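A quick write-up on the structure given underneath.
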Amino acid sequence: MIYLRNLLSIIAFVFLLFIELIINTILNFDYFLIMPFFIGMFIISTRRFSNFYISVFLVAGIYYDALYSSNILGFSSAKFLITMILMNFIVANQQNNTYLDLATFTVGIFIYKFTYSLEYLNPEFLYQILISSLVNYFLFRILNITIGKNVLKQKI
Amino acid sequence: MKDGNLRVRNYIIFVIFILFSFSIMVLDFFSNQEISSTISKRMNFLIPSSVNFPDYLEFFDTELFQTRNNLINENIRLKNEVLELRKLKIENDLLKEELDANKNLIESVDSTNYFYIKTTAFIKNNENKYLVSGGYDKNFEKNDIVINEEGFVVGFVDKIFQNHSEIIFLDDVDFSMPGLDRFGNEYLIQNNGSQLSVYTTSVNELTANIDFIFTASIFDQPGRFPIVSLSDAKVTVDDNKISSNIDIEEISFSFTDIYIVKTNDLP
């Protein structure tokens, strides 16, 4: 059962990563990116942090490196795991509030988008990361509120 | 306390797997990316490279045009289209004249020695690089040049996968390509983020009268495809150096109609 759950999680996150690439290719916004995969990663690392998800992000990273980029194999896996551990460390050691959440989200995106290219230090790229943080954090909050509202548990 | 211990244990296991990822990176790096190449050569079922951009956007059903109002609108649209075509005919005549003026350039490209594989960008990765359809299955090679419909070089092949390839386009910050002008001066064309910087690496004749920078066989490229036009750009001639800058915003091309140039080895 655990293996099946693990496999389903891997498929779900790989699909989410693929969706993220497709969305950003079609919409092609200059100022921000839509990052459903990163939102998923943020939820896991700050709300449901567990060893169970290591294999999920390891496989997702290998999938991305092997099929979508010229990165060295394992680069994205390491990046995803470092992002997760860092985001969890910031949130776990502070009192929970929206500003801290947003700051953690921005730091997470900054590491998540790291590339060994000159573009990483380009001011336009940094600007894009900041705008993306705000937009995606807003999407995360909407998702969080929606998930949090369990209609079956609501009192009539 | 128990939660704290559990978290520390989780961190340790995460760090072990991060080190595991780094060891894969080291292995892949020292095997000259042999591991990632093997995976990408064998896997072609996880990526829909046959999908084109227009396919994503086909929301409209042709049935919509059946109603009378739509037919009237279609008629008006066609009328406008005819007017537009007339304008295009005039523009076409002007371009033909320009083409005749550039005959020297056109004749220098021997089209019989090359064949062109049509490809299209279908996905943009997290590093802002486009992936195009066709890879090992279509015999693409690293540094194969990519041209647009007008024959201008718009990029080159960087990494090849089984049925798709990563392209570095002119507007990518990693773009760097050597070129030659008609006087035999050698150039390096580099993207510096906001501009395309063109400067000489070897000078044969100092002149500002440069029209195009071409690909050349001396750089192991298919011969004489124009990379950039300096006709409208400001060319600076200093001591033994010719240079120019072109704004990236001025460069525009379609990602859907591009071609990979391959040398025809057959007799």
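Respectively, the protein sequence lines represent chains A and B.
Residue 14 in my numbering is what sits at position 14 of the first sequence, and the numbering runs on without skipping anything.
Just remember that my numbering sits 1000 ahead of the position in the second sequence, which is counted from 1.
Think of the CB as a built atom: it goes at the ideal place given N, C-alpha and C, for glycine as much as any other residue.
On a predicted model such as this, the values are computed, not experimentally measured, just so you know.
* In angstroms with no decimal places, state the Cα-to-Cα distance between B/Lys-1234 and B/Ile-1167. => Indexing the second sequence from 1 puts residue 1234 of chain B at position 234. Indexing the second sequence from 1 puts residue 1167 of chain B at position 167. So the two alpha carbons sit approximately 29 Å from each other.
* Any Cβ of chain A within less than 7 Å of the Cβ of B/Phe-1029? -> As a first step, residue 1029 of chain B must be located in the second sequence, where it is residue number 29. Chain A contact via Cβ: present.
* Asked: So does the region 1027 to 1038 of chain B actually touch the region 94 to 101 of chain A, counting three or more Cβ pairs closer than 8 Å?
  -> no
* **Reduced DSSP category for B/Lys-1284 - H, G, I as helix; E, B as strand; rest coil** => Residue 1284 of chain B falls outside the range modelled here, since chain B spans only 1001 to 1267, and no answer is possible.
* CB contact check: B/Glu-1127 to chain A, cutoff 7 Å -> Here residue 1127 of chain B corresponds to residue number 127 of the second sequence, with the count starting at 1. Yes, its Cβ sits closer than 7 Å to a Cβ of chain A.
* To the nearest whole angstrom, what separates the beta carbons of B/Ser-1176 and B/Gln-1190, a pair I think is in contact under 8 Å? -> As a first step, residue 1176 of chain B must be located in the second sequence, where it is residue number 176. As a first step, residue 1190 of chain B must be located in the second sequence, where it is residue number 190. Right, their Cβ atoms sit about 5 Å apart.
* To do: Report yes or no: is there a C-beta of chain B within less than 7 Å of the C-beta of A/Tyr-116?
  => On the first sequence, position 116 is the one that residue 116 of chain A refers to. No, no contact with chain B.
* **Beta-carbon spacing of B/Val-1146, B/Ile-1260 below 7 Å** => The sequence position of residue 1146 of chain B within the second sequence is 146, counting from 1. The sequence position of residue 1260 of chain B within the second sequence is 260, counting from 1. Contact: yes.
* Asked: Since A/Ile-2 meets chain B, which of its residues come closer than 7 Å, beta carbon to beta carbon?
  -> Walking along the first sequence from the start, residue 2 of chain A turns up at place 2. Residues of chain B passing the Cβ test: none, with the nearest at roughly 16 Å.
* To do: Examine the Cβ distances between the region 67 to 78 of chain A and the region 26 to 42 of chain A and report whether three or more of them are shorter than 8 Å.
  => no
* Compute the beta-carbon to beta-carbon distance between B/Gly-1155 and B/Pro-1226, rounded to the nearest angstrom, for a pair I have assumed lies under 8 Å. => Reading the second sequence from its first residue, position 155 is the one you call residue 1155 of chain B. Reading the second sequence from its first residue, position 226 is the one you call residue 1226 of chain B. That pair is no contact at about 14 Å.
* For B/Pro-1226, three-class secondary structure by DSSP -> The sequence position of residue 1226 of chain B within the second sequence is 226, counting from 1. Reduced to three states, the DSSP call for B/Pro-1226 is strand.
* Asked: The beta strand (DSSP E) with B/Asp-1238 in it runs from where to where?
  -> Locating residue 1238 of chain B in the second sequence gives position 238, counting from the first residue. Per DSSP, B/Asp-1238 belongs to the beta strand (DSSP E) from 1235 to 1238.
* To do: Mind checking who B/Asp-1247 pairs with in its DSSP beta bridge?
  => Here residue 1247 of chain B is taken as the residue at index 247 of the second sequence, counted from 1. For B/Asp-1247, which the question treats as bridged, DSSP gives the partners B/Gln-1195.
* Give the DSSP-derived three-state secondary structure of B/Phe-1219 in the structure shown. => Stepping through the second sequence from its first residue, residue 1219 of chain B is reached at position 219. DSSP places B/Phe-1219 in helix when its eight states are reduced to three.
* **Rounded Cβ spacing between B/Asp-1257 and B/Asn-1148 (contact assumed at less than 8 Å)** => Here residue 1257 of chain B is taken as the residue at index 257 of the second sequence, counted from 1. Here residue 1148 of chain B is taken as the residue at index 148 of the second sequence, counted from 1. With a Cβ gap of about 7 Å, B/Asp-1257 and B/Asn-1148 count as contacting.
* Asked: What are the start and end residues of the beta strand (DSSP E) that includes A/Asn-88?
  -> Along the first sequence, one-based indexing puts residue 88 of chain A at 88. Where A/Asn-88 is concerned, there is no enclosing beta strand (DSSP E), although the alpha helix (DSSP H) it sits in stretches over 75 to 92.
* **Cβ-based contacts, 9 Å cut-off: residues of the region 72 to 94 of chain A near chain B** => Ile-72, Leu-73, Gly-74, Phe-75, Ser-76, Ser-77, Ala-78, Lys-79, Phe-80, Leu-81, Ile-82, Met-84, Ile-85, Asn-88, Phe-89 and Ala-92
* Unbroken beta strand (DSSP E) run spanning B/Ala-1121, endpoints -> Reading the second sequence from its first residue, position 121 is the one you call residue 1121 of chain B. Unbroken beta strand (DSSP E) run through B/Ala-1121: 1121 to 1124.
* Just the Cα atoms here: how many angstroms apart are B/Leu-1088 and B/Leu-1095? -> Translated into positions along the second sequence, residue 1088 of chain B becomes position 88. Translated into positions along the second sequence, residue 1095 of chain B becomes position 95. Taking the straight line joining both Cα atoms gives about 10 Å.
* Asked: So, does the CB of A/Asn-122 fall closer than 7 Å to a CB anywhere in chain B?
  -> Stepping through the first sequence from its first residue, residue 122 of chain A is reached at position 122. True, the Cβ-Cβ gap to chain B drops below 7 Å.
* To do: Just the C-alpha distance for B/Ser-1036 and A/Leu-58, rounded to the nearest angstrom, thanks.
  => One-based indexing of the second sequence puts residue 1036 of chain B at position 36. One-based indexing of the first sequence puts residue 58 of chain A at position 58. Each residue's Cα considered, the two are about 15 Å apart.
* Asked: For A/Ile-44 versus A/Tyr-53, is the C-beta distance shorter than 7 Å?
  -> Working through the first sequence from its first residue, we reach residue 44 of chain A at position 44. Working through the first sequence from its first residue, we reach residue 53 of chain A at position 53. Against a cut-off of 7 Å, the Cβ pair of A/Tyr-53 and A/Ile-44 comes out as a contact.
* Asked: Can B/Thr-1201 and B/Leu-1188 be called in contact, C-beta distance under 7 Å?
  -> Here residue 1201 of chain B refers to the residue found at position 201 when the second sequence is read from its first residue. Here residue 1188 of chain B refers to the residue found at position 188 when the second sequence is read from its first residue. Taking 7 Å as the Cβ cut-off, B/Thr-1201 and B/Leu-1188 qualify as a contacting pair.
* Mind the definition here: the region 1005 to 1012 of chain B touches the region 130 to 150 of chain A only if three or more C-beta pairs lie below 8 Å; say whether that holds. => no
* Asked: Does the separation of the CB atoms of A/Thr-46 and A/Met-87 fall below 7 Å?
  -> As a first step, residue 46 of chain A must be located in the first sequence, where it is residue number 46. As a first step, residue 87 of chain A must be located in the first sequence, where it is residue number 87. Yes, the Cβ-Cβ distance between A/Thr-46 and A/Met-87 is below 7 Å.
* **Own chain, CB closer than 6 Å to B/Pro-1178, minus 5 neighbours either side, in chain order** => Taking the first residue of the second sequence as position 1, residue 1178 of chain B is located at position 178. Here the set comprises Leu-1188 and Phe-1219.
* Does the count of Cβ pairs from the region 105 to 115 of chain A and the region 12 to 23 of chain A closer than 8 Å reach three? -> no
* **Neighbourhood of B/Val-1173 by C-beta, 7 Å cutoff - its chain only, sequence neighbours within 5 removed** => As a first step, residue 1173 of chain B is located in the second sequence; it is residue number 173 there, counting from the start. Excluding positions up to five away in sequence, the list reads Asn-1191 and Gly-1193.
* To do: Would you list, in chain order, the members of the region 1011 to 1045 of chain B that have their beta-carbon closer than 7 Å to a beta-carbon of chain A?
  => Tyr-1011, Ile-1013, Phe-1014, Phe-1017, Ile-1018, Ser-1021, Phe-1022, Ile-1024, Met-1025, Asp-1028, Phe-1029, Gln-1033, Ile-1035, Ser-1036, Ile-1039, Ser-1040 and Met-1043
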